[in-house]
Every structure is written in C-alpha cells, then in structure tokens.
Amino acid sequence: MRTFGHPATRKLALAGAVAAAGLLLAACGTDDSASSGAHHGETTTSASPSRSATTAGSAAPGAFNDADVTFAQLMIPHHQQALEMAGLADGRAEDTELKKLAVGIEKAQGPEIEKMKAWLKSWGRPESAGHNGHGMAGMMSEQDMKALAAAKGKAFDRKFTELMIAHHEGAVEMAEAERKNGRDETAKKLAHDVVRTQSAEVAQLRKILDRL
C-alpha cells in the first residue's frame, strides 16, 4: 500500500493542478476578451460627437452639422457688435425706452454668446472660422460704428434705432437659416428664440423711430 499509494496520490494532485490551471487560463482569456470589447465600445462612443458633447456637459448635446457650426461662428461676432452698440447708449441715448431696450439687449445676448462658445468647444470647432463680419447680414461697418459713437441725444437715438433695426433683421435672417438647415435641437431652439425676441424688438424699435 505504501509503495503504490504515494505515486498515485502525486498523479492525482498533478492532474488537479493542471485542470485548475486550465480553468484559470480560460477565465483570464474570457476577461481579456470582455475587457477588450468594453474598451472598444467606450472608444467608439466617445468618438461620437453627440455623446462627446453630452459627456462634456455642454448646452448642445445633440448631433450637429455644418449649419449649426456656421450659425454659432457667425452669430457670436454678430451678438458682440450688438453688445458694443448697446453699450454706446450709456451716456449718449436720451430716450428712456431706448435706454431700457439697450440694457435688455445686453442682458439677453451676453449669455447667448457664452452658450454658443460652449457649443463650439464641445463640437471641437473654433470660435471663429476666419469670419471678420464683412458681408454678414446686418453687420455695421467701421464707419457706422464711429458715427454712432460720435452722436448724442436725439441724433444718437435715431441713428441707434435705424442701425439696430438693420442689425436685428440680419440676426433674424441667420437664425431662420439655422432653423431650416441646422440639426442640433438646442442650437435650433436658440435660433427660434432669436427670431422671436429680435423680431419683437424690431417692431418696438420701429415705433420708437416713428416718434423720434
């Protein structure tokens, strides 16, 4: 019993160890495969523009297209000029209603600029694509801005009103194009707000102009 039992015990132990090693290797292979698949899925997801934007917590998490990008890139400098024009009203404007409207423009368009900058960042696009404002709907020339800055009182009120009507109409035109051609729902929502708000302000500005 002592002569045959020891080798048999060793063989059984060896067989058990081999089997255990085989199971361990199989388990590791399964884990590696699952892990590889998971990593691949994450890479694919993060490469998606819509999911990438969502992860970044941006205001525009949806799928986007070139029209959305162009809208933001053009509307940012357009809004910035509106803020510059509105800022000139302080100390120059005489009409009370016009002063309030200028403050309202600053309060509305400042945050909108920040939203659009956040979109472009989440989309991986630059804030500017080389647009300098020339040829953009409703943009004032350098001469227009200098003339506005040089005016005061009723002369300023009339010039500001005329220029801002044209400026707003240009913004509405660009926003309408975004509503028609854009893909990102948040960008299209802002475009809708621009059309609604600035169309109402154009109507208000026309009434102001009529009584100046």
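Mapped onto mature numbering (1 follows the signal peptide of the UniProt record, and there is no 0), the consecutive letters of the sequence shown carry residue numbers -26 to -1, 1 to 186. Just so you know, even glycine gets a beta-carbon here, dropped at the ideal spot from N, CA and C.
So, helix, strand or coil for residue i, using DSSP?
{"i": "Pro51", "result": "helix"}
{"i": "Leu186", "result": "coil"}
{"i": "Ser102", "result": "coil"}
{"i": "Ala161", "result": "helix"}
{"i": "Ala125", "result": "coil"}
{"i": "Ala145", "result": "helix"}
{"i": "Gly156", "result": "coil"}
{"i": "Phe38", "result": "coil"}
{"i": "Gly84", "result": "helix"}
{"i": "Lys181", "result": "helix"}
{"i": "Ala63", "result": "coil"}
{"i": "Thr70", "result": "helix"}
{"i": "Met114", "result": "coil"}
Cα-Cα, which of the options is closest to residue i?
{"i": "Ala123", "options": "Leu48, Met59 and Asn39", "result": "Met59"}
{"i": "Leu186", "options": "Ala145, Arg99 and Phe134", "result": "Phe134"}
{"i": "Ala41", "options": "Thr160, Gln54 and Met119", "result": "Thr160"}
{"i": "Arg170", "options": "Asp184, Met148, Leu183 and Lys181", "result": "Met148"}
{"i": "Gln54", "options": "Lys181, Glu136, Glu101 and His166", "result": "Glu101"}
{"i": "Met119", "options": "Gly61, Arg180 and Phe45", "result": "Gly61"}
Taking 8 Å as the cut-off, decide whether the C-beta atoms of residue i and residue j are in contact.
{"i": "Ile139", "j": "Met90", "result": "no"}
{"i": "Ala67", "j": "Ala76", "result": "yes"}
{"i": "Glu150", "j": "Lys162", "result": "no"}
{"i": "His166", "j": "Met110", "result": "no"}
{"i": "Leu137", "j": "Met114", "result": "yes"}
{"i": "Glu86", "j": "Leu164", "result": "yes"}
{"i": "Leu57", "j": "Gly84", "result": "yes"}
Excluding sequence positions up to five away, which residues of its chain have a Cβ less than 7 Å from the Cβ of residue i?
{"i": "Lys73", "result": "Ala63 and Ala67"}
{"i": "Gln178", "result": "Leu75"}
{"i": "Ile182", "result": "Asp69, Glu71, Leu72 and Thr135"}
{"i": "Lys128", "result": "Glu68 and Leu186"}
{"i": "Asn155", "result": "Ala41"}
{"i": "Lys126", "result": "Arg66"}
{"i": "Ala121", "result": "Lys133"}
Residues in its own chain within less than 8 Å of residue i by CB, not counting five upstream and five downstream?
{"i": "Arg157", "result": "Gly36, Ala37, Phe38, Asn39, Ala41 and Asp42"}
{"i": "Val176", "result": "Ile139, His142, Glu143 and Val146"}
{"i": "Glu80", "result": "Leu57, Ala60 and Gly61"}
How would you call residue i, buried or exposed, if buried means at least 16 neighbouring beta carbons within 10 angstroms?
{"i": "Ala174", "result": "exposed"}
{"i": "Gly112", "result": "buried"}
{"i": "Asp131", "result": "buried"}
{"i": "Gln117", "result": "exposed"}
{"i": "Ala8", "result": "Annotation note: pLDDT 37 at Ala8 (below 50); position unreliable, coordinate value reported separately. By the 10 Å Cβ count, Ala8 comes out exposed."}
{"i": "Cys2", "result": "Residue placement at Cys2 is flagged as unreliable, the pLDDT there being 39, under the threshold of 50; the coordinate-derived value follows with that caveat. So Cys2 counts as exposed."}
Just to confirm my understanding: we take residue i, look at its own chain, exclude 5 residues before and 5 after, and list those with CB closer than 6 Å. What are they?
{"i": "Ala103", "result": "Gln47"}
{"i": "Gln172", "result": "His142, Ala145 and Val146"}
Cβ of residue i within 7 Å of any heavy atom in the ligand SAH?
{"i": "Gly127", "result": "No copy of the ligand SAH occurs in the structure displayed, which carries no ligand at all."}
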